[in-house]
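Notes for the one structure printed next.
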Amino acid sequence: LVKKLTHVLETSEIKLDTLLDGISAISNASNQILQQQAKLPRNVINSCLNAIDSGLYQLKLSTKSFPVSVYCDMESFLGGWLVIQQRTDGSVNFIRNWREYQTGFGTVGESSEFWLGLDTLHLVTSSAAYELVVELIDETGKYGFARYKDFKIAGEAEKYRMSALGEYSGTIGDGLRPHQNSKFSTFDQDNDLREGSCSLDYHSGAAWWYI
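Quick note, in the numbering used here, the sequence shown goes up one by one and the last residue is 214.
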């Protein structure tokens, strides 16, 4: 894959992948969110729906005392998307341990490679209804996407289980469906249901919601 974007959308419903690499987000604005937003500095937001242009913002999560650096995509699918994973050129190693997948890694930006982190993903998708979109561009430049009407990730106690995955639409197939309700696994934390480690035995240490 040459390029992969994953972002989540806060609607009353959220973005993710099936080829072991993906995820992204947007939100339905409410009067309460808009009132809260008016009290925040320009670059601090409660949702990417409040972003003006595509770019870096500080996302204020109610359960965290400090904001999280995020990239909001205001162009794809009418905008308002929180990019949770981006892979473009292989410059960042995604073979990471459990702790790194919890906290996130890489540099958040328009074209840089990064993973936002399971803890943040759980907090975001638990705060409102979200939609998920995964966008892929292959080596020939062909574009495809998968969109899910609902998306939610459980917390650490449940090993960040993919607890909700809604109705599919798109062009790359419903590849995430078998992974619904699966727990997240890394090479040093095996949470799949099979004997042995899917991460180590079949995917060279790559992390995912393995079955």
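Virtual Cβ for every residue (Gly too), placed ideally from N, Cα, C.
Residue 173 is not a Cβ neighbour of residue 197, given a cutoff of 8 angstroms.
In terms of Cα proximity to residue 139, the closest of 70, 79, 205, 55 is 79. In the three-state DSSP reduction, residue 212 falls in the coil class, being neither helix nor strand.
Look at residue 85 here: in three-state DSSP terms it is strand. Restricted to the region 63-125, the alpha helix (DSSP H) segments that are unbroken, complete and at least 4 residues in length are 101-106, listed in chain order. For residue 186, DSSP records no beta bridge to any residue. Per DSSP, reduced to three states, the secondary structure at residue 180 is helical. Judged by DSSP in its simplified three-state form, residue 198 adopts coil rather than helix or strand. Following the DSSP letters along the chain, one finds residue 168 inside the beta strand (DSSP E) bounded by residues 165-168. Sorting 205, 90, 125 by C-alpha distance to the C-alpha of residue 117 places 90 at the top.
Per the coordinates, the alpha-carbon of residue 132 lies some 25 angstroms from the alpha-carbon of residue 113. Around the C-beta of residue 156, 16 or more other C-beta atoms lie within 10 Å, and the residue is accordingly described as buried. Nearest Cα to residue 81 within the set 103, 56, 179: 56. When the beta-carbon positions are compared, residue 210 and residue 104 come within less than 8 angstroms of each other.
With at least 16 other beta carbons inside 10 angstroms of its own, residue 122 counts as buried. Linking residue 92 to residue 145 through their CA atoms gives a straight-line distance of about 16 angstroms.
The Cβ atoms of residue 72 and residue 59 sit closer than 8 angstroms to each other.
Around residue 212, the same chain offers 165, 182, 185, 187 as residues with beta carbons nearer than 6 angstroms, after the five sequence neighbours per side are excluded.
When secondary structure is reduced to three states using DSSP, residue 138 falls in the strand class. The three-state reading of DSSP puts residue 172 in strand, counting E and B together.
When the beta-carbon positions are compared, residue 63 and residue 87 stay at least 8 angstroms from each other. In the same chain as residue 111, and ignoring 5 residues on each side of it, the C-beta atoms closer than 6 angstroms to its own belong to 72, 74, 117, in chain order.
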